[in-house]
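J.: Take this structure, written in structure tokens, and hold onto it; I'll ask about it next.
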């Protein structure tokens with residue numbers, strides 16, 4: 001299989017094959033920790049690091065691992081990196097680690113990571129595999145942060161609450177009261193808010209895609225078999 | 231001479247959707263008047279707010295979806311949703327609650343699922359539950375019933391409370407609320423019922439309002455707008471377990487009359503559970519659907535975290551409707567039971 005170019009890998013990870021919005025993988029952490037931007041960003045970065053490390057390692061090992069036992073090996077690789085990242089977070093971002101709790105170890109079970117290992121890293125050289133891990137992770141993080149921002153603004157009327165947990169003390173004053181004097185719309189911070197928010201994001205993404213497709217058709221002057229372009 | 235050929239269907243249903251919905255609105259009038267008498271003019275403001283929001287939301291969504299406005303606005307279904315939600319709100323709730331609940335119910339529970347006839351959940355109850363989950367404190371502030379703390383608030387006082395922000399009228403716990411908290415304080419029912427909130431059957435005012443909704447509901451059943459099986463199921467589902475526990479220990483378990491005459495029992499049984507779109511459709515299925523709502527309501531009222539539970543029970547049973555309908559098809563004439571067309 002020909003290795004796709006860097007631009008193609010980035011576009012796929014961020015938009016066309018986005019883990020959260022297109023593959024709908026890793027929804028459990030996506031829905032559970034997206035109540036604020038900072039939680040979302042924390043989990044997104046941890047997932048991205050895991051993806052980068054596991055994709056690179058799996059790619060380097062791809063000729064040594066027999067096909068029959070590849071899944072257990074991938075899981076072991078991923079679990080190792082998640083454990084390391086969990087310990088690092090516990091050491092350097094202890095408060096954030098406490099907030100994210102079980103969802104750090106649960107990154108192991110994020111199907112998006114195993115999916116990238118199986119579908120991309122095990123078939124391509126280390127460089128593109130690392131880039132794919134970064135792109136997929138960035139796409140996942142972007143969805144998490146957008147969902148987190150929406151839920152934080154609606155649910156508690158702020159943005160960047162607790163930003164110092166990730167960025168250090170100088171970010172303490174970052175919290176913005178987007179809607180001052182707002183009592184909070186509890187539903188947005190509760191699980192139903194996550195589901196509804198994700199549904200709206202999906203609808204928005206599909207609407208953008210549909211509009212681009214229509215525009216491309218219009219520009220091509222309604223070519224025969226234009227559907228294939230999609 | 232030519233014979234005019236009529237195409238099928240030759241038997242047309244007696245009523246249009248709009249006619250049915252208008253009949254439901256007329257049947258709601260006695261109950262609304264009861265709420266007006268006991269809880270003041272707030273209910274009229276709420277109905278006005280919810281209806282205006284509903285019509286605007288419905289029009290906007292129909293426009294976005296490219297549907298004919300006049301046809302669907304004239305079916306009155308959005309107005310019924312709005313009125314059902316409005317009468318469930320505390321009379322003096324701030325204005326944005328009716329607006330938010332109605333808009334949310336219509337956008338998310340109705341139009342995103344495909345509009346009238348396609349919604350698996352009752353839109354009015356989705357709006358209500360959203361408000362209850364998001365603003366539990368505001369949703370439990372019912373005004374004290376008339377006769378307890380002076381007269382009910384008039385239209386001006388109600389408008390002041392609704393639009394001016396802040397409820398300055400006297401609020402009181404609803405009877406269901408009071409029973410929950412005071413049973414939790416190890417009081418017995420005979421002790422609880424000596425409080426000023428109580429009338430002969432249930433809470434003061436609430437029993438009469440439930441009676442009036444029952445009267446309106448009887449009209450719906452008599453005109454076959456609503457199938458009798460659903461309200462019968464709901465009332466039996468609440469009444470049977472309540473009466474059973476009451477028979478075991480009347481000092482700890484409120485009986486059948488209290489449950490029937492409190493909260494939204496009659497409104498829920500006759501007007502909310504009978505929503506033709508989101509309810510079960512087979513005859514036996516409707517009995518099961520109603521009984522499920524009744525039992526769930528009683529369970530949540532007795533042991534759950536919220537004082538009243540019609541909305542949660544309705545939504546939970548809405549989820550079960552496809553399963554109920556699947557297993558309760560009526561026997562087709564000439565075919566053995568269970569061997570009909572599938």
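Residue numbers (our numbering), protein chains in the order written: chain A, 1 to 230; chain B, 231 to 572. Even glycine gets a Cβ: it sits at the ideal position worked out from N, Cα and C.
Within this structure, are the beta carbons of residue 352 (chain B) and residue 544 (chain B) separated by less than 8 Å?
T.: The count along the second chain starts at 1 and reaches residue 352 (chain B) at position 122. The count along the second chain starts at 1 and reaches residue 544 (chain B) at position 314. For residue 352 (chain B) and residue 544 (chain B), yes; Cβs fall inside 8 Å.
J.: Check residue 72 (chain A) in the structure and name its three-state DSSP category.
T.: Residue 72 (chain A) sits at position 72 when you count from the first residue of the first chain. Helix, per DSSP.
J.: If you run the structure through DSSP and keep just helix, strand and coil, what is residue 357 (chain B)?
T.: As a working mapping, residue 357 (chain B) is identified with position 127 in the second chain. Helix, per DSSP.
J.: Under the assumption that residue 312 (chain B) contacts residue 280 (chain B) (Cβ atoms under 8 Å), give the Cβ distance between them as a whole number of angstroms.
T.: Walking along the second chain from the start, residue 312 (chain B) turns up at place 82. Walking along the second chain from the start, residue 280 (chain B) turns up at place 50. Residue 312 (chain B) to residue 280 (chain B), Cβ: 4 Å. Contact.
J.: Alpha carbon to alpha carbon, how far is residue 539 (chain B) from residue 530 (chain B)? Give it in angstroms, no decimals.
T.: Taking the first residue of the second chain as position 1, residue 530 (chain B) is located at position 300. Taking the first residue of the second chain as position 1, residue 539 (chain B) is located at position 309. Taking the straight line from one Cα to the other gives about 6 Å.
J.: Going by DSSP, what residues sit across from residue 158 (chain A) in a beta bridge?
T.: Taking the first residue of the first chain as position 1, residue 158 (chain A) is located at position 158. According to DSSP, residue 158 (chain A) bridges with A:177.
J.: Please list, in chain order, the residues of the region 258–271 of chain B that have any C-beta partner in chain A closer than 9 Å.
T.: none
J.: Looking at the structure shown, is residue 300 (chain B) part of a helix, part of a strand, or coil, going by DSSP?
T.: Against the second chain, residue 300 (chain B) aligns to sequence position 70. Three-state DSSP puts residue 300 (chain B) in a helix.
J.: I'd like to check one pair, residue 158 (chain A) with residue 145 (chain A): are the Cβ atoms closer than 8 Å?
T.: Position 145 of the first chain, counted from the start, is the residue given in the question as residue 145 (chain A). Position 158 of the first chain, counted from the start, is the residue given in the question as residue 158 (chain A). No.
J.: Going by alpha carbons, who is nearest to residue 141 (chain A) out of A:192, A:49 and A:6?
T.: In the first chain, the residue the question calls residue 141 (chain A) occupies position 141. Nearest option by C-alpha distance: A:49.
J.: Using CA coordinates, which residue listed in A:62, A:70 and A:45 is at the minimum distance from residue 86 (chain A)?
T.: Counted from its first residue, the first chain places residue 86 (chain A) at position 86. When each option's Cα is compared against that of residue 86 (chain A), the closest is A:45.
J.: Give me, in chain order, the residues of the same chain whose beta-carbon lies closer than 7 Å to that of residue 278 (chain B); leave out the 5 immediate sequence neighbours on both sides.
T.: Position 48 of the second chain, counted from the first residue, corresponds to residue 278 (chain B). Same-chain partners within the cutoff: there are none.
J.: For residue 196 (chain A) and chain B, any beta-carbon pair shorter than 8 Å?
T.: Taking the first residue of the first chain as 1, we reach residue 196 (chain A) at position 196. Taking CB atoms only, residue 196 (chain A) has a neighbour in chain B less than 8 Å away.
J.: On the three-state DSSP scale, how would you describe residue 373 (chain B)?
T.: Here the question's residue 373 (chain B) lines up with position 143 in the second chain. Note: residue 373 (chain B) maps to strand in three-state DSSP.
J.: Where residue 454 (chain B) and residue 502 (chain B) are concerned, what is the direct C-alpha to C-alpha distance, given to the nearest angstrom?
T.: Sequence index remark: in the second chain, residue 454 (chain B) carries index 224 (1-based). Sequence index remark: in the second chain, residue 502 (chain B) carries index 272 (1-based). Looking at the two C-alpha atoms, the distance is approximately 15 Å.
J.: Leaving out five residues before and five after residue 149 (chain A) in sequence, what residues of the same chain have Cβ atoms less than 7 Å from its Cβ?
T.: As a first step, residue 149 (chain A) must be located in the first chain, where it is residue number 149. Around residue 149 (chain A): 37 and 159.
J.: For residue 24 (chain A), decide whether its Cβ has a neighbour in chain B, counting only Cβ atoms nearer than 8 Å.
T.: Position 24 of the first chain, counted from the start, is the residue given in the question as residue 24 (chain A). Chain B, which has no Cβ nearer than 8 Å to the Cβ of residue 24 (chain A), makes this no.
J.: Could you round the C-beta distance between residue 143 (chain A) and residue 114 (chain A) to whole angstroms and report it? I think they count as a contact, below 8 Å.
T.: Position 143 of the first chain, counted from the first residue, corresponds to residue 143 (chain A). Position 114 of the first chain, counted from the first residue, corresponds to residue 114 (chain A). Contact between residue 143 (chain A) and residue 114 (chain A) does not hold, since their C-beta atoms are separated by about 18 Å, which reaches or exceeds 8 Å.
J.: Just to check my reading of the structure: residue 188 (chain A) and residue 151 (chain A) have Cβ atoms closer than 8 Å, yes? What is that Cβ distance to the nearest angstrom?
T.: Locating residue 188 (chain A) in the first chain gives position 188, counting from the first residue. Locating residue 151 (chain A) in the first chain gives position 151, counting from the first residue. In this structure residue 188 (chain A) is in contact with residue 151 (chain A), their Cβ atoms being roughly 5 Å apart against a cut-off of 8 Å.
J.: If we count the other Cβ atoms within 10 Å of its Cβ and call it buried at 16 or more, is residue 225 (chain A) buried or exposed?
T.: The residue labelled residue 225 (chain A) in the question sits at position 225 within the first chain. Low local confidence applies: a pLDDT of 47 at residue 225 (chain A) is under 50, so the model's placement there is unreliable, and no value is given.
J.: Output the boundary residues of the alpha helix (DSSP H) element that contains residue 528 (chain B).
T.: The residue given as residue 528 (chain B) occupies position 298 in the second chain. Residue 528 (chain B) -> alpha helix (DSSP H) spans 513–533.
J.: Answer yes or no: does any C-beta atom of chain B fall closer than 8 Å to that of residue 185 (chain A)?
T.: The residue given as residue 185 (chain A) occupies position 185 in the first chain. For residue 185 (chain A), the answer is yes, since a Cβ of chain B falls inside 8 Å of its Cβ.
J.: Rounded to a whole number of angstroms, what is the C-alpha to C-alpha distance between residue 335 (chain B) and residue 192 (chain A)?
T.: Along the second chain, one-based indexing puts residue 335 (chain B) at 105. Along the first chain, one-based indexing puts residue 192 (chain A) at 192. Answer to the nearest angstrom: the Cα atoms are 14 Å apart.
J.: By the three-class DSSP mapping on this structure, what secondary structure does residue 433 (chain B) have?
T.: For the purposes of this step, residue 433 (chain B) is taken as the residue at position 203 of the second chain. Residue 433 (chain B): strand per DSSP, three-state reduction.
J.: Using a Cβ-Cβ distance under 8 Å, would residue 190 (chain A) count as near chain B?
T.: Walking along the first chain from the start, residue 190 (chain A) turns up at place 190. So yes, residue 190 (chain A) belongs to the interface.
J.: My understanding is that residue 136 (chain A) touches residue 123 (chain A), with C-beta atoms under 8 Å, so please give their C-beta distance in whole angstroms.
T.: One-based indexing of the first chain puts residue 136 (chain A) at position 136. One-based indexing of the first chain puts residue 123 (chain A) at position 123. At roughly 15 Å, the Cβ-Cβ gap does not stay under 8 Å, so residue 136 (chain A) and residue 123 (chain A) are not in contact.
J.: At the level of alpha carbons, what is the spacing between residue 215 (chain A) and residue 341 (chain B)?
T.: Residue 215 (chain A) sits at position 215 when you count from the first residue of the first chain. Residue 341 (chain B) sits at position 111 when you count from the first residue of the second chain. Roughly 27 Å between the two C-alpha positions.
J.: Quick check on residue 84 (chain A): buried or exposed, where buried means 16 or more other Cβ atoms within 10 Å of its Cβ?
T.: Sequence index remark: in the first chain, residue 84 (chain A) carries index 84 (1-based). Residue 84 (chain A) should be labelled exposed.
J.: Going along the chain, which residues of its own chain have a beta-carbon closer than 6 Å to the beta-carbon of residue 510 (chain B), five neighbours each way excluded?
T.: Looking up residue 510 (chain B) in the second chain gives position 280. Within the same chain, residue 510 (chain B) has close Cβ partners 516, 519, 551, 554 and 555.
J.: Could one say the Cβ of residue 338 (chain B) lies closer than 8 Å to chain A's Cβ atoms, at least one of them?
T.: Numbered from its first residue, the second chain carries residue 338 (chain B) at position 108. Contact of residue 338 (chain B) with chain A is assigned, a C-beta pair being separated by under 8 Å.
J.: Hey, would you say residue 528 (chain B) sits closer than 8 Å to residue 484 (chain B), going by beta carbons?
T.: As a first step, residue 528 (chain B) must be located in the second chain, where it is residue number 298. As a first step, residue 484 (chain B) must be located in the second chain, where it is residue number 254. Not in contact: residue 528 (chain B) and residue 484 (chain B) (Cβ atoms no closer than 8 Å).
J.: Measure from the C-beta of residue 356 (chain B) to each C-beta in chain A and report whether the shortest distance is under 8 Å.
T.: Taking the second chain and counting its residues from 1, one reaches residue 356 (chain B) at position 126. With 8 Å as the cut-off, residue 356 (chain B) does not count as an interface residue toward chain A.
J.: How many angstroms separate the CA atom of residue 532 (chain B) from the CA atom of residue 32 (chain A)?
T.: Within the second chain, the letter at position 302 stands for residue 532 (chain B). Within the first chain, the letter at position 32 stands for residue 32 (chain A). Residue 532 (chain B) and residue 32 (chain A): Cα-Cα distance of roughly 30 Å.
J.: With a threshold of 7 Å on Cβ separation, who are the neighbours of residue 91 (chain A) within its own chain once the five nearest residues in sequence on each side are excluded?
T.: Counting from 1 along the first chain, the entry for residue 91 (chain A) is found at position 91. Closer than 7 Å at Cβ, skipping near neighbours: no residue.
J.: Whose CA, out of A:39, A:7, A:132 and A:134, lies closest to the CA of residue 99 (chain A)?
T.: Taking the first residue of the first chain as position 1, residue 99 (chain A) is located at position 99. Answer by Cα proximity: A:39.
J.: Judging by CA-CA distance, which residue of A:102, A:101 and A:35 is the nearest neighbour of residue 194 (chain A)?
T.: Locating residue 194 (chain A) in the first chain gives position 194, where the first residue counts as 1. Ranking the options by Cα distance to residue 194 (chain A), first place goes to A:35.
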